[in-house]
Amino acid sequence: MLTDEPCVVRFANPQEGSVIFDDQIRGPIEFSNQELDDSDHSPYRWSPTYNFCVVVDDWDMAITHVIRGEDHITTRRAQINILKALNAPVPVYAHVSMINGDDGKNFPSATAQ
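Structure (structure tokens):
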């Protein structure tokens, strides 16, 4: 139901176990599910459904490998739990170091003018 009332999308993360994935660059990465809660899992306040949309889009497009900046490593824990809840395949992940401009800002932010 659409309303003008503020709302958030929540996902009931497992309270036990861990999210473990083998990053193709960094090696095995593990997050305890106890570190997660059922709060709004968006790192971007303007898009509270970010993690859900990323998961559904990757699944729909049959994405098998994801290469992102290291700033996305922590979003993997919620995304992998969502993938597993949907019985969707978990892609192979690789997280590269951030590329910074001369001003120290992340690229492409450094050149976004």
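Following the working numbering, the numbering of the sequence shown begins with 2 at its first residue and continues without gaps.
A virtual CB, placed ideally from N, CA and C, is assigned to each residue, including glycine.
Cβ distance (whole Å) where residue i is taken to contact residue j below 8 Å
i: isoleucine 83; j: phenylalanine 53; result: 6 Å
i: proline 92; j: isoleucine 64; result: 5 Å
i: arginine 78; j: tyrosine 94; result: Incorrect: roughly 11 Å between the Cβ atoms, too far for contact.
i: isoleucine 81; j: histidine 96; result: That pair is no contact at about 13 Å.
i: glutamate 31; j: isoleucine 21; result: 5 Å
Own chain, CB closer than 7 Å to residue i, minus 5 neighbours either side, in chain order
i: aspartate 23; result: Pro29
i: serine 33; result: Ser19
i: leucine 37; result: Asn14, Arg78 and Ala79
i: glutamate 17; result: Asn34
With 16 other Cβ atoms within 10 Å as the buried cut-off, status of residue i
i: glutamine 35; result: exposed
i: asparagine 14; result: buried
Candidates the options, of which the one nearest residue i by Cα
i: valine 56; options: Thr4, Phe12, Arg27 and Ile26; result: Phe12
i: methionine 99; options: Glu71, Lys85, Leu87 and Ala86; result: Glu71
Close beta carbons around residue i, own chain, < 6 Å, minus the five adjacent residues each side
i: alanine 89; result: Trp60
i: isoleucine 68; result: Ala95
Same chain, Cβ closer than 8 Å to residue i, neighbours up to 5 away in sequence not counted
i: isoleucine 26; result: Ala95, His96 and Val97
i: lysine 85; result: Val91
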